[in-house]
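Here is the structure we will look at, set down as structure tokens.
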Amino acid sequence: MTKKIIHINKLTGKLSRRAMLGGSATVAMAIAQTAHGKAVQEGLSFTELIPDDPTKQVGTLAGEVGTRSGFEKVIKKPSDISSRSPLQDFYGIITPSDLHFERHHAGIPVIDPNKHELVIHGLVDKPMVFTVADLKRFPSVSRIAFLECSGNFRTGKEAMSPQDICGLTSQSEWTGVKLSTLFREVGVKPNASWFLAEGGDAAIMTRSIPVKKGWDDAIIAYGQNGEALRPEQGYPVRLFLPGWEGNTSIKWLRRLELGDAPWQTREETSKYSEGIKGGKIRQFSFDIDARSIITFPAFPAQVEKGWIEIRGLAWSGRGKVVKVEVSTDAGKSWHIAELQEPVLDKAHVRFRYLWHWNGAETEIMSRVTDETGYIQPTFKQLIEARGADSGYHFNPITAWQLKADGRVLNKPENVR
Amino acid sequence: MNKLWLVGILEAGLLMSQRPINTVLFPDRDRAQEITYLIKSDSIPARFGFGRVATSTEIARLDIDIRPDGKGLPAGEGKPVAGKVIFAQKCAACHGVGGVGGPNGSLVTTTDPTKKRPEKTIGNYWPYATTIFDYIRRAMPFSEPGSLTDAEVYNLTAYLLNANGIIDDKAVVNAKTLPNVVMPAQQLFVPDDRKGGPEIK
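Keeping their order, the protein sequence lines are chains A and B. Residue numbering for the first sequence follows this note's numbering, beginning at 1 and increasing consecutively. Residue numbering for the second sequence follows this note's numbering, beginning at 1001 and increasing consecutively.
Structure follows, in structure tokens:
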């Protein structure tokens, strides 16, 4: 057989087991027809399941859970501490739950939802303990919103995809109970101005959050895209703070303490703070600044001259996206991109701009304007405004170089 | 719970109100049609009564946080000389001999803290000494989180402050003295004051 090698799908293990048990004569036939004989019994490769004519062979039967097509190779890029969403592979605005970026500070804990509890205490009338089942009894709310790590910018190479540059952003529909509902339940005292949110992971991760955010739009989430939270996203319950830097949305939430001052935890002092002009260090930079990126055409895509639909994502932690502009001449002129409904508050928005490429080398880029009137800056503007000792909350315009042969390459920024 | 609620608009302002929701809030038909959850109700309860009261014992078991004013610090004390021994045994593999270098970053400043930072350390970047105690006890050592005694954490805190030249080598660190330690970088920290709008800052 000379079929092209394709990555092995998770489906295959299940299929071969089923075939060996004799549960499906059709699949057994498919196996018998493959050239690898005995090796197949030890694990069928996806390649070998590809029929010459799918209309001449009954397909696989219904399964307990769906699987991604074996033709699709979409992966997060994991490091020891994080993994990145493949933004260049996405359509629309929802991130598949298994491709949501991850960032954790001491790994992903295994937590039994039947034993997990959320304790709320401190400056409250009545300190309370809520089981996960208790939390689900309260009136619920669902909201589509992005979640982005504040350390979501990389540059330095041409061979970088949107995933490499800013893959630490993802979007889900989050479901849970409004924190304001729980605040009323425990009777938050008027002098409470901050609360500490604490996770039940091995980092016992903590952040101090202004109480106002709790009343405004914070959610104690237990649902993500229609199912329970993924373990990587805080199963069984997490805090979700729309529009705020990701690490404040404490995962595996076990405790909230109401107080009258911030705790100055490690994650809001030595980390997640950034150098600014005058040698100062800015902290509690909660809002995610507006940002956009063209996700097609983008590295590693290869394009042909002619009509190209330029596509991308835009978002702001301060509200709605009102405008995305696209430049196809290295920033000399800008054109209004079309925004795909729904354009939601503090959410990834899909934009597109139809363009006819004449095949000449150029640079394409996008910039977003949010409802506060903030316009996504260039890298140079950010460095000029903050100095070079920065790091977090970098949201510059990203330019892609289109080469005459159709290659699309990142335009690296000169960091230092 | 025998009442039904207008779940879609759980706003604090409405909760105080005893007005009939369907007549006052949705006078126009179009708006009302948007609401798929319109249900008969005249109020939301002040409390739902779910969950149970937390006992002081169970709160104490979880409440391990330390504030800059020292609130939360346990009894006991630590000294740099004792912390140095523990650091060599349990911390140096990741943070380097003497807290310098190591795969997970330096903790000790080797350059003038008022000059440009080659690396962010406790001595040139951490604004509060209490955070050292809180974080070590909370999450360190990385491979054995939560394994240190309060005395060990006090000793390590004392050692790291001394190695960074912030306290002298005879200093005793405890619940009274630790909040009074002034960190070199504290004066540099400012809260984010950006509010959106056209300014790049």
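No residue lacks a Cβ here, since even glycine has one placed at the ideal position from N, Cα and C.
Closer than 7 Å to chain A by CB, B:A1082: Not closer than 7 Å to any Cβ of chain A, the Cβ of B:A1082 fails to qualify, so no.
Per-residue burial, A:A337 [other beta carbons within 10 Å of its own, 16 or more giving buried]: Counting every other CB atom within 10 Å of its CB across the protein chains shown gives A:A337 a total of 16 or more, marking it as buried.
Residue-chain proximity (A:V119, chain B), Cβ-Cβ < 7 Å: For A:V119, the answer is yes, since a Cβ of chain B falls inside 7 Å of its Cβ.
Is A:P425 near A:V132, with beta carbons less than 7 Å apart? In this structure chain A extends from 1 to 416, so residue 425 of chain A is not present and cannot be described.
Along the chain, where does the beta strand (DSSP E) that runs through A:T181 open and close? For A:T181, there is no enclosing beta strand (DSSP E); the residue is found in the alpha helix (DSSP H) stretching over L179 to V186.
Beta-carbon within less than 7 Å of A:V124's beta-carbon, same chain only, minus the 5 sequence neighbours each way: which residues are those? Leaving aside the five residues that flank A:V124 on each side, the residues in its chain whose CB is nearer than 7 Å to its CB run, in chain order, V186, G187, V188, K189 and L258.
Mind the definition here: the segment 1085-1097 of chain B touches the segment 1172-1189 of chain B only if three or more C-beta pairs lie below 8 Å; say whether that holds. Verdict: no, contact absent.
Enclosing beta strand (DSSP E) for A:K323 [first to last residue]: In the DSSP assignment, A:K323 falls within the unbroken beta strand (DSSP E) covering V321 to S327.
DSSP three-state assignment for B:P1080, whether helix, strand or coil: In the structure shown, B:P1080 adopts helical secondary structure according to DSSP, grouped into three states.
Under 6 Å: does the beta carbon of A:I383 sit that close to some heavy atom of the ligand HEM? The ligand HEM is absent from the structure shown, which contains no ligand whatsoever.
Could you tell me whether the Cβ of B:I1054 comes closer than 7 Å to any Cβ of chain A? A quick correction: the sequence has Ala, not Ile, at residue 1054 of chain B. Yes, contact with chain A.
Using a C-beta cutoff of 7 Å, does A:M128 count as contacting chain B? Cβ-Cβ to chain B under 7 Å: yes for A:M128.
Are B:A1175 and B:L1073 closer than 7 Å when you measure CB to CB? Between B:A1175 and B:L1073, the C-beta spacing is below 7 Å.
Give the straight-line distance between the Cα atoms of A:E72 and A:R291, rounded to the nearest whole angstrom. Whole-angstrom Cα-Cα distance: 28 Å.
Would you be able to state if there are at least three C-beta pairs under 8 Å between the segment 84-100 of chain A and the segment 159-168 of chain A? These segments touch.
Which chain A residues sit within Cβ distance under 8 Å of B:A945? Residue numbering for chain B in the displayed model covers 1001 to 1201; residue 945 of chain B lies beyond these limits and cannot be assessed.
Beta-carbon proximity of A:I108 to A:P231, cut-off 7 Å: For A:I108 and A:P231, yes; Cβs fall inside 7 Å.
Using beta carbons (cut-off 7 Å, strictly below), is B:Y1154 in contact with chain A? It does not; no Cβ of chain A falls within 7 Å.
Just to make sure I have the definition right: I need the residues of chain B whose C-beta is within less than 9 Å of the C-beta of A:S285. Which are they? In chain order: P1191, D1192 and R1194.
Could you say which of A:P54, A:K403, A:G92 and A:P127 lies nearest to A:I364 if we only look at CA atoms? Among A:P54, A:K403, A:G92 and A:P127, the Cα nearest to that of A:I364 belongs to A:K403.
Does the beta carbon of A:E185 sit closer than 7 Å to a beta carbon anywhere in chain B? Any Cβ of chain B closer than 7 Å to the Cβ of A:E185 would place that residue at the interface, and such an atom is present.
Just checking: is the beta-carbon of A:A203 within a distance shorter than 7 Å of some beta-carbon in chain B? True, the Cβ-Cβ gap to chain B drops below 7 Å.
First and last residue of the beta strand (DSSP E) that includes B:E1152? No beta strand (DSSP E) contains B:E1152, which is instead part of the alpha helix (DSSP H) from D1150 to A1163.
Exposure of A:S79, with buried meaning 16 or more beta-carbon neighbours within 10 Å: Under this definition A:S79 is an exposed residue.
Going residue by residue through the segment 331-373 of chain A, where are the continuous beta strand (DSSP E) segments of at least 3 residues, counting only ones entirely within it? Here the runs fully enclosed are 349-357 and 362-370.
Whether or not the segment 217-227 of chain A and the segment 147-159 of chain A are in contact is what I'm after, with contact meaning three or more pairs of Cβ atoms, one per stretch, closer than 8 Å; do they touch? Cβ pair count under 8 Å is below three, so no.
Mapping DSSP to helix, strand and coil, what is A:P78? Here A:P78 sits in strand by DSSP.
Is B:A1095 helix, strand or coil by DSSP? Sequence check: residue 1095 of chain B is His here, not Ala. In the three-state DSSP reduction, B:H1095 falls in the helix class (H, G or I).
To the nearest angstrom, report how far apart A:E268 and A:Q283 are at their CA atoms. Rounded to the nearest angstrom, the two C-alpha atoms are 7 Å apart.
For the beta strand (DSSP E) containing A:T131, name the first residue and the last one. M128 to T131 is the span of the beta strand (DSSP E), which, as asked, contains A:T131.
Pair within 7 Å by beta-carbon distance, A:S366 and A:I308: Contact annotation: A:S366 and A:I308 have beta-carbon atoms that are not nearer than 7 Å.
Exposed or buried, A:L354, counting other C-beta atoms within 10 Å across all chains shown (16 or more means buried)? It is exposed - the Cβ of A:L354 has fewer than 16 other Cβ atoms within 10 Å.
Cα-Cα separation, A:V418 to B:D1169: Absent from the structure is residue 418 of chain A, since the part of chain A shown begins at 1 and ends at 416.
If you run the structure through DSSP and keep just helix, strand and coil, what is A:W194? Three-state result, A:W194: strand.
Out of A:V321, A:F299 and A:K277, which one is the CA nearest neighbour of A:I288? When A:V321, A:F299 and A:K277 are compared, the shortest CA-CA separation from A:I288 is found for A:V321.
Within a Cβ cutoff of 8 Å, which residues of the same chain sit near A:K305, ignoring the five residues on either side of it in sequence? These residues qualify, in order along the chain: W357, N358, G359 and G406.
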